[in-house]
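Only one structure is covered here, and it is reproduced in the block below.
Residue numbers (the working numbering): 12 to 96.
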């Protein structure tokens, strides 16, 4: 899997994200607009320079994708997270 990196902005195709979070890809844009799926990105520094991380939160899960600077996914992880207060 490869993420799109343009001018420092990281994006993922809904067809790739859907299976990772257990949703039909067609529902991804709607759930992001409504705030049911949230995301953030991080850029590596020091020993992680040249790497980026894209993190999604949905349905008490955190999905983390770590990728190289060209967008190639190096690792993925899914972790349960508690319900926000």
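Glycine residues also receive a C-beta, built at the ideal position from the N, C-alpha and C atoms.
For residue 36, no alpha helix (DSSP H) run applies, since DSSP gives it neither H nor E. Membership of residue 65 in the beta strand (DSSP E) is indicated by the continuous run 62-69. By the 16-neighbour rule on beta-carbons within 10 angstroms, residue 48 is buried.
The alpha-carbon of residue 13 is positioned some 4 Å away from that of residue 83.
Residue 81 and residue 16 have their C-alpha atoms some 7 Å from each other.
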